[in-house]
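For reference, the structure is listed below as structure tokens.
In full-length UniProt numbering, the protein residues as written are 1 to 179.
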């Protein structure tokens, strides 16, 4: 009986025979230490694979969201470029042709940047913006000034709307005042 519990691979409980000497089927045999180790390794491997799949899915979702935002930003930059080109053309026709020419050239450069931004990831867009700032400092400063102006106008308009809506005093035209 001592042979059943010692000297066998797997140690206690891994003998294929019962204490009466009958053969126990593998499915009904108690799990030995080796079986437990194997099960733990399998479970850990499955958990690791699941985590990798979930992480990959999360990364793909983030990339998709960033790609959509990059495309949106490219369209916005393209809109600014078109506006600059139009302003430049109008100024060229008026009494400030030099300023108009610069504005049109800046608009053209910005339009090129907007087209290059389309479909790029965030890191590439940041690198492109840095390069654009080095190669076209005047255009870069012009865009920064326009972006600042647009942001201040947006914030001012938003502040006026929120304070007038809070006051609740309608005007004849349907607007609200602060009073």
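Beta carbons are placed, not taken as given, at the ideal position from N, Cα and C, and that holds for glycine. It should be emphasised that the depicted structure is a prediction, and the values quoted were computed from it without experimental measurement.
Are the beta-carbon atoms of residue 111 and residue 85 separated by less than 8 Å?
yes
To the nearest angstrom, how far is the alpha carbon of residue 159 from that of residue 103?
Taking the straight line joining both Cα atoms gives about 31 Å.
Beta-carbon proximity list for residue 133, same chain, < 7 Å, skipping 5 on both sides
Cβ neighbours of residue 133 within its own chain (closer than 7 Å, five residues either side excluded): 140.
Please list, in chain order, all residues of the same chain as residue 121 whose beta carbon is under 8 Å from its beta carbon, the five residues on each side excluded.
63, 66, 67, 70
Between which residues of its own chain and residue 74 is the CB-CB distance below 7 Å, once the five residues before and five after are set aside?
114, 117, 118
Measuring straight from C-alpha to C-alpha, what distance separates residue 36 and residue 44?
12 Å
Sequence-distant residues of the same chain with beta carbon closer than 7 Å to residue 149, five excluded per side:
No residues qualify anywhere along the chain.
Which class does residue 100 belong to by DSSP, given the choice of helix, strand or coil?
helix
Under 8 Å between C-beta atoms of residue 79 and residue 91
Contact: no.
Taking the Cβ atom as the reference point for each residue, do residue 136 and residue 109 lie within a distance shorter than 8 Å?
Yes, the pair counts as a contact, with Cβ atoms nearer than the cut-off.
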